[in-house]
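In terms of the UniProt record's numbering, the sequence shown is numbered consecutively and its last residue is 382.
Backbone N, C-alpha and C fix where the C-beta goes; we use that ideal spot for every residue, glycine too.
One structure is given below, encoded as C-alpha cells.
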Amino acid sequence: MNDQSSTINHFKRFYSHVNTANTVLQAYKGEAPFAHYIRSFFSQHKKFGSKDRKQITELCYCFYRLGKSYPQLSIEQKILKGYQLSKKEWPEEWLSFFEQYQLPKQTPENIFSFKDHLSESIDTAAFEQSHLLQPDLFLRIRPRQHKVVSEKLQSANINFIITENTVRLPNGSKIDEVLILNKEVVVQDYSSQRVSELLNIYKSKISHLKSVISIWDCCAASGGKSILAKDVLDDIKLTVSDIRSSILANLKKRFAEAGIKNYNSFVSDSTIAAPDQKFDLIIADVPCSGSGTWARTPEQLLFFQESRIAEYAKLQQNIISNVIKYLKPGGYLLYITCSVFAEENEEQTSNLTKQGLELIAESVLKGYDQQADTMFAALMRA
1 MNDQSSTINH
11 FKRFYSHVNT
21 ANTVLQAYKG
31 EAPFAHYIRS
41 FFSQHKKFGS
51 KDRKQITELC
61 YCFYRLGKSY
71 PQLSIEQKIL
81 KGYQLSKKEW
91 PEEWLSFFEQ
101 YQLPKQTPEN
111 IFSFKDHLSE
121 SIDTAAFEQS
131 HLLQPDLFLR
141 IRPRQHKVVS
151 EKLQSANINF
161 IITENTVRLP
171 NGSKIDEVLI
181 LNKEVVVQDY
191 SSQRVSELLN
201 IYKSKISHLK
211 SVISIWDCCA
221 ASGGKSILAK
231 DVLDDIKLTV
241 SDIRSSILAN
251 LKKRFAEAGI
261 KNYNSFVSDS
271 TIAAPDQKFD
281 LIIADVPCSG
291 SGTWARTPEQ
301 LLFFQESRIA
311 EYAKLQQNII
321 SNVIKYLKPG
331 GYLLYITCSV
341 FAEENEEQTS
351 NLTKQGLELI
361 AESVLKGYDQ
371 QADTMFAALM
381 RA
C-alpha cells in the first residue's frame with residue numbers, strides 16, 4: 001500500500017470515529033457522568049475494538065473541552081477543533097485535513113462560563129486554557145516505599161517522573177499491573193497530595209502533645225485523606241464516616257490494603273452526624289461542585305448549572321456547622337474542596353471565623369499549571 005492510500009484509509013477510519021462521536025454527543029444529555037454513559041454505549045455496540053473506543057472517547061472529550069466556545073460551529077466542527085487544540089504540533093497531512101473544515105483560528109474564549117465565581121488568586125486565563133488538555137495521572141509514594149516503586153516502574157519501562165514522593169505518569173498508564181495500590185502507592189492527584197502541607201502545619205502546632213491524635217474524617221469517601229493523614233501524622237486514632245455505605249465498603253478494602261487496622265467507622269449524613277466523642281482534628285473533605293477537576297470531566301463545562309454553586313455552599317455550611325461541635329477545645333478543622341469557586345472556599349472560611357474559629361492557613365492548591373486538578377484547603381482552630 002503506497003503512502004497516499006495509507007493516508008486516505010487513515011482519515012477514512014478517523015472520520016468514522018468522528019461520526020460515531022457525533023452520534024454519542026447528540027444522545028448524551030448529562031444525566032450521568034459521561035464516563036459511565038460512554039461505557040454503557042460501547043457495551044451495547046460490541047463492534048468497536050479497544051483502539052476505536054479510546055479514539056471515540058477522546059474525540060467526545062475534545063468536544064466538551066471547548067465548553068461553550070464557538071457556538072457557531074457544528075458538533076462535527078467542534079469535535080475537530082477540540083482535537084486540533086489537543087496537540088501543539090501536527091504533521092502536514094493533518095493540517096491539510098483540518099483546513100478542509102474551515103475551523104476558526106481564534107483562541108476559544110468561553111471554555112469556563114463561571115469566571116465571576118472564581119477564587120481571587122486564580123489566574124483566570126491560565127485556568128480556562130488548562131481544560132484543553134487531559135490531566136496527568138499522579139501517585140503518592142507511601143512511607144518507606146520510594147525505592148521499590150522506582151525500581152518497579154523502571155523495570156516495567158513506564159515513563160514517569162518522581163519529585164519527592166509524587167509520581168507523574170501519562171494518563172491511562174496501567175500502574176495496577178506494576179505496583180501494589182494503597183500499600184506502595186496511592187492514586188492521588190498532585191494537588192490532593194499537597195493537603196499534606198496543611199497537615200504538616202498542624203503537626204508543627206501540636207508537636208508538644210504526647211498523646212495519640214484523635215481524628216474524624218467526616219466525609220471520608222474511599223479514605224484517601226485518611227491514608228494521607230496516617231502517613232503524615234503516624235500515631236492517630238481514626239474515625240471515619242460517610243453517608244454512603246457502599247463507599248465505606250470500598251474504604252474498608254483500601255484500609256486493609258494500606259495496613260490501617262484500628263479505626264472506627266459509621267454511616268451517617270455529616271449534617272446531622274453525632275459521634276460519641278470529640279476530636280483533636282476533623283477532616284472535612286466536603287461535597288462540592290468539583291469545578292477544579294473539570295479537565296477530567298469536561299462535560300461539566302456544558303452541563304453544570306450555576307444555581308448549584310449556592311446549593312453546594314449551603315450543604316457545606318450545614319456540614320461544617322454540625323461537625324465543629326465535635327472539636328475539642330483548641331482542636332483543628334481541616335476544610336477541603338476540589339472547587340475553584342469562592343463561595344465554596346474563602347467565603348466558607350470567612351463564615352467560620354465569624355463563628356469563632358481562627359484561620360491558621362488557607363490556600364488554593366493550583367494544579368492548572370501542572371496538568372493537575374485545582375483544590376482548596378484551609379486549617380482552622382477552635
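What does DSSP give as the partner residue(s) for residue i in the beta ladder?
{"i": "Asp217", "result": "Val240, Ile283"}
{"i": "Ser192", "result": "Bridge partners of Ser192: none, in fact."}
{"i": "Ile376", "result": "The sequence given here places Phe at residue 376; Ile does not occur at that position. Paired residue(s): Thr337, Val364."}
{"i": "residue 385", "result": "There is simply no residue 385 to check, as the chain begins at 1 and stops at 382 in what is shown."}
{"i": "Val267", "result": "Asp242"}
{"i": "Arg140", "result": "Thr166, Val186"}
{"i": "Ile161", "result": "Arg168"}
{"i": "Glu58", "result": "Glu58 is not bridged to any residue."}
{"i": "Arg381", "result": "Tyr332, Glu358"}
{"i": "Leu327", "result": "Phe279"}
{"i": "Ser118", "result": "The question names Ser, but residue 118 is Leu in the sequence shown. BP columns for Leu118 point to Phe341."}
{"i": "Leu181", "result": "Val185"}
Quick one: is residue i buried, meaning 16 or more other Cβ sit within 10 Å of its Cβ, or exposed?
{"i": "Ile213", "result": "buried"}
{"i": "Asn2", "result": "Reliability fails at Asn2, whose pLDDT of 45 lies under 50, so the model's placement of it is uncertain and no value is given."}
{"i": "Tyr190", "result": "buried"}
{"i": "Gln4", "result": "Confidence in Gln4 is poor, its pLDDT being 46 and thus under 50, which makes the residue's placement unreliable; the coordinate value appears in the next sentence. By the 10 Å Cβ count, Gln4 comes out exposed."}
{"i": "Arg13", "result": "exposed"}
{"i": "Lys78", "result": "buried"}
{"i": "Ser16", "result": "exposed"}
{"i": "Thr239", "result": "buried"}
{"i": "Asn171", "result": "exposed"}
{"i": "Gln277", "result": "exposed"}
{"i": "Ser130", "result": "buried"}
For residue i and residue j, I'd like the C-alpha separation in whole angstroms.
{"i": "Tyr326", "j": "Phe279", "result": "6 Å"}
{"i": "Arg142", "j": "Tyr335", "result": "23 Å"}
{"i": "Phe34", "j": "Arg296", "result": "11 Å"}
{"i": "Phe138", "j": "Ile162", "result": "10 Å"}
{"i": "Thr124", "j": "Thr107", "result": "14 Å"}
{"i": "Asp369", "j": "Glu93", "result": "31 Å"}
{"i": "Thr349", "j": "Asp269", "result": "21 Å"}
{"i": "Ser339", "j": "Phe97", "result": "38 Å"}
{"i": "Lys68", "j": "Ser155", "result": "44 Å"}
{"i": "Arg168", "j": "Ser50", "result": "24 Å"}
{"i": "Glu31", "j": "Ser150", "result": "41 Å"}
{"i": "Ser40", "j": "Trp294", "result": "21 Å"}
{"i": "Gly356", "j": "Glu76", "result": "54 Å"}
{"i": "Glu128", "j": "Thr374", "result": "12 Å"}
{"i": "Leu25", "j": "Glu99", "result": "23 Å"}
{"i": "His45", "j": "Ser173", "result": "25 Å"}
{"i": "Leu281", "j": "Ala313", "result": "22 Å"}
{"i": "Phe48", "j": "Phe11", "result": "17 Å"}
{"i": "His208", "j": "Phe160", "result": "39 Å"}
{"i": "Gln72", "j": "Val187", "result": "40 Å"}
{"i": "Thr166", "j": "Pro287", "result": "25 Å"}
{"i": "Arg381", "j": "Asp136", "result": "34 Å"}
{"i": "Gly292", "j": "Ala274", "result": "30 Å"}
{"i": "Leu66", "j": "Asn19", "result": "18 Å"}
{"i": "Lys237", "j": "Glu346", "result": "29 Å"}
{"i": "Val364", "j": "Leu118", "result": "11 Å"}
{"i": "Lys81", "j": "Tyr70", "result": "9 Å"}
{"i": "Ala249", "j": "Asn182", "result": "15 Å"}
State the CB to CB distance for the pair residue i and residue j, rounded to an integer number of angstroms; the pair is presumed to be in contact (CB under 8 Å).
{"i": "Phe42", "j": "Arg53", "result": "5 Å"}
{"i": "residue 414", "j": "Ala377", "result": "Residue 414 lies beyond the stretch modelled for the chain, which goes from 1 to 382, so this question has no answer here."}
{"i": "Ile283", "j": "Asp217", "result": "4 Å"}
{"i": "Asp242", "j": "Val267", "result": "7 Å"}
{"i": "residue 384", "j": "Ala21", "result": "Residue 384 is absent from the model: the chain starts at 1 and stops at 382."}
Give a single yes or no on whether residue i has its beta carbon closer than 7 Å to a heavy atom of the ligand NAP.
{"i": "Glu358", "result": "By its list of ligands, the structure shown contains no ligand whatsoever, and the ligand NAP lies outside what it can speak to."}
Compare the C-beta of residue i against all C-beta atoms of chain D and say whether one is closer than 8 Å.
{"i": "Ile272", "result": "Given the protein chain composition of this structure (a single chain), no chain D is represented."}
Can you confirm whether the segment 82-101 touches the segment 314-323 when touching is taken to mean that 3 or more C-beta pairs between the two stretches lie within less than 8 Å?
Not touching, per the Cβ criterion.
With a threshold of 8 Å, are at least 3 pairs of Cβ atoms found where one atom belongs to the segment 292-301 and the other to the segment 249-268?
With the cut-off at 8 Å, the segment 292-301 and the segment 249-268 do not touch.
For the segment 195-205 against the segment 219-235, are there 3 or more C-beta pairs whose distance is under 8 Å?
Output reads yes: the segment 219-235 touches the segment 195-205.
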